[in-house]
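Asker: Below you will find the structure I want to go over with you.
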Amino acid sequence: MRCGGIDLGGTKIEARLFDGPETKTLEKRRIATPKTSYADMLEAVVEQINWLRSFDDNLPVGIAVPGVIDPETGESFASNIPSSGHAIGRDLEERVGTPIAVINDCMAFALSEATGGAAEGAQVTMGLILGTGVGGGLCIDGKIPPRHAGLAVEVGHLGISNRALARHDLPLWPCGCGRMGCIENYISGTGLTNLAEWHIGRRLSGEDIAKCDTPDTQKVMEIWADLAGDCLHAIQLILDPDCIVLGGGLSNINGITEILTESLTRQRLGNARLPNIVTARHGDSSGARGAALVATKDNS
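See below:
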């Protein structure tokens, strides 16, 4: 059975046509995400749905979206697309005439990697996306658990621990959510740049920091790894997953799984057994793939 998945992001809307049991990409199409209005963005999503259904009129289609989706109202809250206050699923159904499965993009990522991905066979999978921001998704026994308010393991907006800040004499930095000291301001790609500006005095990209081999950039990476390990420790204390799958741009840092495993080993509580830390098997396709999997299950 073929299925379609759409990954709605802040810069692009990517549609993928997948095959049956293996859920491998057959075709893909990217267009820019309109940010001028919700109506324009919705029209672009409909365009991608129509493209997918040009292959099969009855194709089940799911869409992965950023932000929080209220399980009762379907309304969305997001900072990087103009969807806040709108029920994307309901509005798409009105436009295309059939239900469209809508899922948080980080949850879609976790589901994809727990289903034929890097976390296959894990009992509790935490998907941790380290990109421009920090996002999290959760699967238990290969299924997305119910959530009261639709919060998608929003670890990026946990507060960074005082002990982590104190180890490096770091200040509290403001977050785009309106609060101070959110974790994503320290361990995302943007956070890595923030650390470089604080330590070196220049805003270097995460890629430049990871590639440069100078005492200053090495120190920045050491601080970043320590702070990221603090985040992993919080995840372990709260969720105790047996597998943490890394996605996003920073997951491409050379040796990232070894770096973060070593950092968590230093910070874990007692001799607690460590989760398996791995990088995503399906990479950039995981969000759309997870959405397609949800659509397939909804139509089975």
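Start counting at 1 in the sequence shown, then tack on 12, and there's your number in our numbering. Think of the CB as a built atom: it goes at the ideal place given N, C-alpha and C, for glycine as much as any other residue.
For chain C, is any of its Cβ atoms less than 9 Å away from the one on Val136?
Answerer: Protein chain content of the structure displayed is limited to a single chain, and chain C is not contained in it.
Asker: Just curious, the alpha helix (DSSP H) that Thr229 is in, first and last residue?
Answerer: Here the alpha helix (DSSP H) through Thr229 covers 227 to 251.
Asker: Could you tell me if Gln230 is buried or exposed, where buried requires 16 or more neighbouring beta carbons within 10 angstroms of its beta carbon?
Answerer: By the Cβ neighbour-count rule, Gln230 is exposed, with fewer than 16 other Cβ atoms within 10 Å of its own.
Asker: Taking only the alpha-carbon atoms, compute the straight-line gap between Ala307 and Cys194 and give it to the nearest angstrom.
Answerer: 33 Å
Asker: At the level of alpha carbons, what is the spacing between Arg280 and Pro157?
Answerer: 26 Å
Asker: Quick check: the stretch 290 to 309 against the stretch 66 to 75, are at least 3 beta-carbon pairs closer than 8 Å?
Answerer: yes
Asker: Residues bridged to Ala27 by DSSP?
Answerer: Ile18, Arg41
Asker: Please name the residue, chosen from Leu251, Ile271, Glu59, that lies closest to Val167 on a Cα-to-Cα basis.
Answerer: Leu251
Asker: What first and last residue would you give for the beta strand (DSSP E) that runs through Val108?
Answerer: Counting along the chain, Val108 falls outside any beta strand (DSSP E), though it belongs to the alpha helix (DSSP H) covering 100 to 108.
Asker: Which of helix, strand or coil does DSSP assign to Gly32?
Answerer: coil
Asker: If you reduce the DSSP assignment to three classes, tell me which class Ile61 lands in.
Answerer: helix
Asker: According to DSSP, simplified to helix, strand and coil, what is Thr308?
Answerer: Here Thr308 carries a helix assignment [DSSP, helix/strand/coil].
Asker: Determine the contact status of Leu262 and Gly143, defining contact as a CB-CB distance below 9 Å.
Answerer: With contacts defined by Cβ atoms closer than 9 Å, Leu262 and Gly143 form a contacting pair.
Asker: Exposed or buried, Pro183, counting other C-beta atoms within 10 Å across all chains shown (16 or more means buried)?
Answerer: exposed
Asker: Where do the N-terminal and C-terminal ends of the beta strand (DSSP E) with Met119 fall, by residue?
Answerer: Looking at the DSSP string, Met119 is not in any beta strand (DSSP E); the run it does join, the alpha helix (DSSP H), is 117 to 126.
Asker: Looking at Ala237: is its Cβ nearer than 9 Å to the Cβ of Glu274?
Answerer: yes
Asker: Taking the alpha helix (DSSP H) that Ala178 belongs to, which residues open and close that run?
Answerer: 174 to 180
Asker: Starting from Leu204 and walking both ways along the beta strand (DSSP E), at which residues does that stretch end?
Answerer: Run containing Leu204: none in the beta strand (DSSP E); it sits in the alpha helix (DSSP H), 201 to 211.
Asker: Which residue wins for smallest C-alpha separation from Leu244, given the options Glu196, Pro83, Thr85?
Answerer: Glu196
Asker: For Gly299, which of helix, strand or coil comes out of DSSP?
Answerer: helix
Asker: Which residues does DSSP list as the beta-bridge partners of Ser96?
Answerer: Ser88
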